[in-house]
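First up is the structure itself, then whatever we jot down about it.
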Amino acid sequence: MTYKIAILGASGYTGAELIRLIATHPEIEIAALGANAKAGQSMASVFPHLRHLDLPDLVKADDIDFSQIDLCFCALPHKTSQEVIRELPKDLRIVDLSADFRLRDPAAYEKWYGNPHAAVEMQKEAVYGLTEFYRDDIANARLVAGTGCNAATGQYALRPLISAGVIDLDNIIMDLKCAVSGAGRSLKENLLHAELSEGYHAYSAGGTHRHLGEFDQEFSLLAGRPVQVQFTPHLIPANRGILATVYVHGNAQQIHETLSAAYAAEPFLQVLPFGELPSTRHIRGSNFCHLGVVADRIENRAIVVAALDNLTKGSSGQALQNANVMLGIEETTGLMLAPCFP
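Following UniProt numbering, the numbering of the sequence shown begins with 1 at its first residue and continues without gaps.
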């Protein structure tokens with residue numbers, strides 16, 4: 001069986017990444033591409049690297065016949081996404097890549113994103129889209145909320161450790177480096193090559209980054225009590241990739257064994273041999289996440305490092321993985337492509 005899908009926000013980075021991944025998927029057909037600002041243009045003119053594909057032209061979302069669509073990916077900015085999704089057919093299955101349905105508490109959403117939620121009833125039905133931990137719920141969901149790319153990286157490093165109780169929950173420090181594509185495709189002065197290249201900088205320090213809402217929600221749920229991590233992201237002059245270095249109190253060997261056992265059957269989560277550390281260059285363009293553990297020189301302290309591609313495993317690859325689960329397709333279909341190196 002072939003499923004027909006639509007992508008809203010197809011002119012952005014995550015939309016283009018979805019198209020790249022789905023292009024060779026044997027059971028999914030791209031039937032409609034929405035992008036209001038670039039409606040009427042071809043994908044070849046917007047993204048020349050996709051010119052070899054036979055794709056529909058971009059249209060406004062209102063011009064898509066959703067009665068012919070089995071599943072819709074929404075790769076729109078937050079706030080816009082909830083306003084669009086609430087108007088879509090109530091029986092349409094949706095994978096949302098924005099932040100709009102990640103947080104279960106409407107008050108938490110307003111706190112972190114600065115505006116009241118416009119689709120609170122839908123927010124209640126949304127399933128959090130971290131596939132490896134919510135796949136049973138995702139399989140039966142109508143609306144799946146993709147995670148933040150930073151939030152996914154940190155959770156892969158920490159969720160099994162919190163569940164197993166092998167680290168001190170009050171002493172978690174996360175230092176995260178993220179590539180510039182995570183900021184989206186919109187023109188921004190601070191992302192110009194002349195201003196971004198040849199250096200990197202911390203931002204949203206001191207507990208102001210929006211993805212902390214996801215860490216608070218998910219880690220506290222796992223622990224059964226409030227858990228807050230100390231988190232500082234840094235913007236690096238690279239196109240793709242996230243590297244999270246997480247400092248924890250606990251036995252490093254036990255931490256490594258816990259992660260290895262938790263992810264032994266997971267096709268996309270690969271724990272490196274003890275003492276080896278991952279690199280973003282080894283997961284580029286793929287749906288894999290590599291994790292490494294080393295012992296610190298200070299007794300009973302360890303360092304966990306996680307690397308993934310923010311556009312693939314952190315966003316569009318995760319979205320396709322969730323869509324496979326929702327449609328009853330083998331979860332890895334279309335996603336086993338090898339990383340691009342060098």
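Backbone N, C-alpha and C define an ideal beta-carbon position, used for all residues, glycine too.
Over the uninterrupted alpha helix (DSSP H) stretch that includes residue i, give me the two end residues.
i	result
residue 200	Segment: none, residue 200 is in no alpha helix (DSSP H) and carries neither H nor E.
residue 326	317–327
Output the distance between the C-alpha atoms of residue i and residue j, rounded to the nearest integer angstrom.
i	j	result
residue 94	residue 291	30 Å
residue 40	residue 308	34 Å
residue 117	residue 98	13 Å
residue 235	residue 100	23 Å
residue 156	residue 148	12 Å
residue 12	residue 300	44 Å
residue 324	residue 297	43 Å
residue 311	residue 61	23 Å
residue 276	residue 294	7 Å
residue 327	residue 145	16 Å
residue 201	residue 194	14 Å
residue 229	residue 42	44 Å
residue 273	residue 104	36 Å
residue 253	residue 205	31 Å
residue 22	residue 340	17 Å
residue 302	residue 281	23 Å
residue 88	residue 75	14 Å
residue 142	residue 268	24 Å
residue 315	residue 90	24 Å
residue 404	residue 331	There is no way to answer for residue 404, as the model of the chain reaches only from 1 to 342.
residue 51	residue 44	4 Å
residue 33	residue 320	16 Å
residue 224	residue 102	19 Å
residue 120	residue 137	19 Å
residue 68	residue 58	17 Å
residue 210	residue 82	17 Å
residue 342	residue 128	33 Å
residue 221	residue 54	45 Å
residue 241	residue 1	34 Å
residue 179	residue 232	14 Å
residue 163	residue 271	17 Å
residue 6	residue 19	10 Å
residue 36	residue 170	46 Å
residue 139	residue 190	40 Å
residue 113	residue 96	16 Å
residue 278	residue 243	8 Å
residue 56	residue 29	11 Å
residue 322	residue 131	6 Å
residue 133	residue 73	21 Å
So what's residue i in DSSP terms, helix, strand or just coil?
i	result
residue 230	strand
residue 216	helix
residue 283	coil
residue 236	strand
residue 243	strand
residue 182	helix
residue 276	coil
residue 151	helix
residue 261	helix
residue 332	coil
residue 256	helix
residue 163	helix
residue 224	coil
residue 314	helix
residue 194	helix
residue 157	helix
Considering only DSSP beta bridges, list what residue i is partnered with.
i	result
residue 292	305
residue 249	301
residue 145	96, 128
residue 270	290
Just to confirm the assignment, what range does the beta strand (DSSP E) spanning residue i have?
i	result
residue 176	172–179
Any heavy atom of the ligand HEM closer than 8 Å to the Cβ of residue i?
i	result
residue 278	You won't find the ligand HEM in this model; it holds no ligand whatsoever.
Entirely enclosed alpha helix (DSSP H) segments - the UniProt domain "Semialdehyde dehydrogenase NAD-binding" (4–141), minimum 4 residues: 13–22, 43–46, 80–85, 106–113, 120–125, 131–139
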